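Engineer:
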Amino acid sequence: MAQTDEHRSVPDDGTADLLSALEVIEAQPLATRAEAYNGLHDTLARRLEAAPGGDAGSA
Numbered sequence: 005m006a007q008t009d010e011h012r013s014v015p016d017d018g019t020a021d022l023l024s025a026l027e028v029i030e031a032q033p034l035a036t037r038a039e040a041y042n043g044l045h046d047t048l049a050r051r052l053e054a055a056p057g058g059d060a061g062s063a
């Protein structure tokens, strides 16, 4: 079974989930989009801080 270029270019490291979330956010009205980006930022910051050796503040 052949994969499309889109599927080959997205690594299986959660990037597909991020891209999907961004597509959903971009489809929303501007005010809702701003709140959604804020929530996404908070989620990504928590994931980064929880990662092994991921003290983002010390860089």
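Going by our numbering, the residue at position 20 of the sequence shown is 24; the numbering climbs one at a time, nothing skipped.
Idealized CB from N, CA, C, for every residue including glycine.
As the structure is a computational prediction, the values presented were derived from the model and not from experiment.
Can you list, in chain order, the residues of its chain whose CB lies under 8 Å from that of R37, leaving out five sequence neighbours each side?
Structural biologist: Here the set comprises I29 and E30.
Engineer: So, at 8 Å on beta carbons, what are the nonlocal neighbours of Y41 in its own chain, with the 5 sequence-adjacent residues on each side left out?
Structural biologist: Excluding residues within five positions, the ones whose Cβ falls inside 8 Å are I29.
Engineer: To which residues of the same chain is A54 closer than 8 Å at the C-beta, ignoring the five residues directly before and after it?
Structural biologist: Here the set comprises nothing.
Engineer: To the nearest angstrom, report how far apart A20 and R50 are at their CA atoms.
Structural biologist: For A20 and R50, the distance between alpha carbons rounds to 18 Å.
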